[in-house]
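>
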Amino acid sequence: MLNIIFMGTPDFAKESLEAIYNAGHNIIAVITNPDRPKGRGMKLIASPVKEFAIEKNIQVLQPEKIKEIKDTLVQLKPDLFCVVAYGKILPKDILEIPKLGSINVHGSLLPKYRGAAPIQWAVINGDKQTGITTMYMDEGMDTGDIILKQELEISENETTGELWNRLSKIGGELLVKTLEKIEDGTAPRIKQAPEFTLAPMLSKEIAKIDWKNKTAIEIKNLIRGLNPILGAYTTYKGKKIKIWKAEAENLKTFIEKYPEFEEHISKFEGMIGGTIVYSDIKKGLYVKAKNSILILQEVQAENAKKMCIQDFLRGNLIQTGEIFE
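Using the numbering used here, the letters of the sequence shown map in sequence onto residues 1 to 325.
#1: Over the uninterrupted beta strand (DSSP E) stretch that includes N3, give me the two end residues.
#2: Tell me whether the beta-carbon of I243 lies closer than 8 Å to the beta-carbon of A232.
#3: Closest to I132 by C-alpha separation, out of E139, Y113, N125, would be which residue?
#4: Are the region 146-166 and the region 119-135 touching, with three or more C-beta to C-beta distances below 8 Å?
#5: Using DSSP bridges, identify the partner residues of T234.
#6: Measuring CA to CA, which of E180, G274, G87 is closest to T9?
#7: Compute the Euclidean distance between the alpha carbons of L174 and C308, then round it to the nearest angstrom.
#8: Would the beta-carbon of L179 fall within 8 Å of that of A246?
#9: Work out the CA separation of K282 and R314 for me, nearest whole Å.
#10: What distance in whole Å lies between the Cβ atoms of D79 and I31, which are believed to be in contact at a cut-off of 8 Å?
#11: Going along the chain, which residues of its own chain have a beta-carbon closer than 7 Å to the beta-carbon of L296, five neighbours each way excluded?
#12: Starting from S327, trace the alpha helix (DSSP H) both ways and give me its first and last residue.
#13: If contacts are defined as beta-carbon pairs under 8 Å, then V60 and I69 qualify, I think. What distance do you get, rounded to the angstrom?
#14: Output needed for I318: all residues of its chain with C-beta closer than 8 Å, excluding positions within five of it in sequence on either side, in chain order.
#15: Check whether the Cβ atoms of S102 and L110 lie closer than 8 Å to each other.
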């Protein structure tokens, strides 16, 4: 079995670490980010990768900068670095320490979605398919030679959190297969195609819903893509409301359900995006988007818990004609 130094931080990485541990590889050290303060008490919290390593009595190193431990990495004489969602850029002199090189598990079908947030952007963009890629690492951002890929369908209502969990399992399984091929000398090295897309880290600005310029489908995908992290939001009377679940509906379907609105179709086109088209405690909250309607299903008001839209409307009188901004 290979002597491996594993680098990673979140639960996505922990699944890969656990998979190669269970496969019997000799993990000589784990490198993860320093403990960070979290929660109301700002208590220092260890990463999921560190917690697993401690449980299995694996040496843990937590440098602020990877170059701080270069000499230690050399002394450990690893066959391979396995890097999964570590969160730091590794320079060339670090990548070249292991005799068999450094490999990475990435949450997309490269060269699509190079960068920090491939899973989130796949959902936000409404992709029907994504997957996992394992690759040899070089100095570029996710530009190395591909080893293996595994495709996965994204379901219509799947959130980033749900997709993240599925991909993390597949990532661990594919990493084990990749290590088998590296160990027996059959691992391919496939150059990436020149055409690529980027998946930069998400900013808080993206979370505000643009009712005027985005269709209901686009807004629904944003809501799915930012669930459970950040959360897409709108404002109502100056207060923020996060939307965690919603459904898109075209105008024709809406009229078929509520024929009494047919005579108001001409008014619909002139409505400002974000206008409440229909508000009913039993039937829900319908909001105008670009050429379509968004049906809110689960929301969270400021300083409140998540709740279904029916419960929210029982405590908040929102009337047809009012506007979300």
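Here a beta-carbon is modelled for each residue, glycine too, at the ideal position from N, C-alpha and C.
Considering the structure as presented:
#1: 3-8
#2: yes
#3: Y113
#4: yes
#5: I241
#6: G87
#7: 38 Å
#8: no
#9: 9 Å
#10: I31 to D79, Cβ: 15 Å. No contact.
#11: I243, A246, G284, L285, V287, I309
#12: The first residue shown for the chain is 1 and the last is 325, placing residue 327 beyond what the model contains.
#13: Not quite, the Cβ-Cβ distance comes to about 11 Å (not below 8 Å), so this is no contact.
#14: Y236, I276, S279, L285
#15: no
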